[in-house]
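Trainee: Letter by letter, the sequence shown follows residues 429 to 628 of my numbering. By construction, the Cβ of each residue, glycine as well, lies at the ideal position given by its N, Cα and C atoms. All values derive from a computational prediction rather than experimental measurement. Structure provided below as C-alpha cells; questions to follow.
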Amino acid sequence: MELPVWAAVALAYLIGSIDFAIFVARLHGVDIRSEGSGNPGTANVFRVVGIVPGILVLVGDLLKGLVAAYLGWLAAGSVDPVGSWVVMLAGTAAVIGHCYPVFHRFRGGKGMATLFGAMLFILPLVTVVAAVVWGLVARVAKFPAAGSCSVAIAYLPIGYWQGMDLPSLLWLLLAVVLILYRHRSNLVTWRERRSGSDTA
C-alpha cells in the first residue's frame, strides 16, 4: 500500500481529533468538558465517570497514536520505525489533533496517552517500561501530571540512545513541548501544593 506522506500526516491529525473522552462520557450522560477539571481526557473521565469508561478512553487514545504511527510507517515504505522521521511526524500530528481537535472546536486533551501510543509503535519495549515509570512517579508525587511530564521529557534522551535520527527527535521534541504546555496548569497546581506542604 502506497501512502503519500502528506496523506498519512493529514489522516493522523484527523484520527487524533477523535475525542474518545467526549464520546464515552456522553454515553454515560456526562459532558466531560463541564465536569471535574473540564479537560476532555482520560484522567478526567476516570475521576468523573468511572474506571471502566476511563479505561475505554485510555485504550482509544493509545490506539490513535499507534494507528497514526502505523500510517507514517506505511508512508515511509515500511522501514524501521525508529529511524524514520515520517513515523514520528505522523505520531506528533495525532498528538496535535488530540490537543487541538478539528471536530471539537480545537478544545482537546493533553496528549500524553496519544504520544504513548505512537511511541509504543516506535519503541515498544521502552514504552512499556515508561508506562511503569509513569505509574511510579505519579504515585510518589501523588499527581498524574508529574508522571506524564517526566516520561515525556525522558523520551528525548532515550529516543536518541535508541537511534532516532535528528528529524525524528525534532518532531518528538515538538510533541513533548506541546504536552508540557498543555499540562502547565497542572504543574502550577502541583508546585503550589508542594510549597504549601513544605511550609505547613
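Kindly indicate which three-state DSSP category S462 falls into: helix, strand or coil?
Mentor: If DSSP states are grouped into helix, strand and coil, S462 belongs with the helices.
Trainee: Specify, as a first and last residue, the run of the alpha helix (DSSP H) that I443 falls within.
Mentor: Looking at the DSSP string, the run of the alpha helix (DSSP H) that includes I443 is V433 to G444.
Trainee: Note down, in chain order, each residue of its chain lying with its Cβ closer than 7 Å to the Cβ of T542, except the 5 sequence neighbours on either side.
Mentor: Excluding positions up to five away in sequence, the list reads G444, D489, K492, G493, A522, V523 and H526.
Trainee: V585: buried (16+ other C-beta within 10 angstroms of its C-beta) or exposed?
Mentor: Reading the sequence as shown, one finds Pro at residue 585 and not Val. P585 comes out exposed.
Trainee: Once you ignore the five residues that flank S578 on each side, which residues in its own chain have a CB closer than 7 Å to its CB?
Mentor: Excluding residues within five positions, the ones whose Cβ falls inside 7 Å are V565.
Trainee: Roughly how many whole angstroms lie between the Cα atoms of S576 and A438?
Mentor: Computed Cα separation, rounded: 26 Å.
Trainee: Taking 8 Å as the cut-off, decide whether the C-beta atoms of I446 and V510 are in contact.
Mentor: Not closer than 8 Å, so no.
Trainee: What runs of the alpha helix (DSSP H), each 4 residues or longer, lie entirely inside the segment 484–529?
Mentor: Counting only runs of 4 or more, we get 513–527.
Trainee: Look up T627 in the DSSP assignment and say whether it is helix, strand or coil.
Mentor: The predicted model places T627 with a pLDDT of 44, which falls under 50 and marks its position as unreliable; any figure quoted below should be read in that light. Three-state result, T627: helix.
Trainee: With G469 as the anchor, note down where its alpha helix (DSSP H) starts and where it stops.
Mentor: Segment: none, G469 is in no alpha helix (DSSP H) and carries neither H nor E.
Trainee: Note down the Cα distance separating L600 from V530, rounded to an integer number of angstroms.
Mentor: Spanning the two alpha carbons is a distance of roughly 22 Å.
Trainee: Taking buried to mean at least 16 other C-beta atoms within 10 Å of its own C-beta, is Y609 buried or exposed?
Mentor: Exposed is the call here.
Trainee: Around the Cβ of V458, are there at least 16 other Cβ atoms within 10 angstroms (buried) or fewer (exposed)?
Mentor: Buried.
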